[in-house]
Amino acid sequence: MDMRKLFSLEGKTALVTGGAYGIGFAIAQALAGAGAKIAFNCRSQSNLDKALADYKAQGIDARGYIADVTDEAQVKELISKIEADLGGVDILVNNAGVIKRIPMTEMSAEDFRQVVDIDLVGPFICAKAVIPGMIQKGQGKIINICSMMSELGRETVSAYAAAKGGLKMLTRNICSEYGGANIQCNGIGPGYIATPQTAPLRERQADGSRHPFDQFIVSKTPAGRWGDPEDLMGPAVFLASGASDFVNGHILYVDGGILAYIGKQP
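In terms of our numbering, the sequence shown opens at residue 691 and continues consecutively.
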């Protein structure tokens, strides 16, 4: 068997939601490197323009579109535009997400709903929009970006944990419902990744010491470090390629071992 062909994405079209920066951008780079044509969405023109320039700087001819993943009409229009420009979506990466770190008793229902809407309802809407085309093609790959909060709770992230726990189960249900159509739906659960979103948690203190949360994460991670967005590239290519054709409903945690580790004795 030709292993390069097994992992090749030549001729495939991938949609990476929220693929303008961070984890989404890294995953899009990886899929492009394996041969896929890349489409991504943003909610503002300024973010779209910056992202297109960043993709161009990496030698990637990506197509960017303005669309809100929580708006079903906009997502339908997005998929139609991608089909016209690049062909039907073969690979969907549900990456767009948001977190609001607010104690539960201080969080408004409006804020809670917004997080769930983006992190859980958005992936449902996007998957619903691409599945018919995948059924018609006889194959498809859906990758939902889950989280360690799909398994664990933590202070101040009630909405995020609820949404990511729901996304884990949505992943398994898409597998259950459409596995017979040769659609594989899996998740990637990143550990703590060094991105602009987590930068405040890694800032050095005035005395030069590490941020307390930074110290906490490094001590809880057997790898002894934060992850980099590049750590997610290989897992994404695997789950998007023919190499994972018999892997379905699985959440691949890329966390440096956190979920396997009880921690050191004090």
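We put the beta carbon where it would ideally sit given N, CA and C, even for glycine.
- Which whole-angstrom value is the C-beta distance of I827 and G778, which I expect to be below 8 Å? The displayed chain sequence assigns Lys, not Ile, to residue 827. So it is a contact: roughly 6 Å between Cβ atoms.
- Query: Under the rule that 16 or more other beta-carbon atoms within 10 Å means buried, what is F715, buried or exposed?
  - Reply: That one is buried.
- What span of residues does the beta strand (DSSP E) with C875 cover, start to end? Residues I873 to P880.
- Residue closest to A851, alpha-carbon to alpha-carbon, out of V806, K910 and K702: Scanning V806, K910 and K702 for the CA closest to the CA of A851 turns up V806.
- Message: Among the candidates I717, F802, L782 and A884, whose CA atom is the shortest distance from the CA of G830?
- Response: Closest by alpha carbon: L782.
- May I ask you to verify whether the segment 796 to 810 touches the segment 710 to 730, counting CB pairs closer than 8 Å and requiring at least 3? Touching, no.
- When the Cα atoms are used, what is the spatial distance from D758 to K858? Whole-angstrom Cα-Cα distance: 22 Å.
- Query: For I883, which option in Q895, L705, Y711 and G701 has the closest C-alpha, if you only look at C-alpha atoms?
  - Reply: The shortest Cα separation from I883 among Q895, L705, Y711 and G701 belongs to Y711.
- Message: Does K831 come out as helix, strand or coil in the three-state DSSP assignment?
- Response: Correct three-state label for K831: strand.
- Among E920, Y943 and I948, nearest to A720 - alpha-carbon criterion: The closest CA to that of A720, considering only E920, Y943 and I948, is found on E920.
- Can you find a CB in chain C that lies within less than 7 Å of the CB of Y943? Checking the listed chains, one finds no chain C in this structure; it contains a single protein chain.
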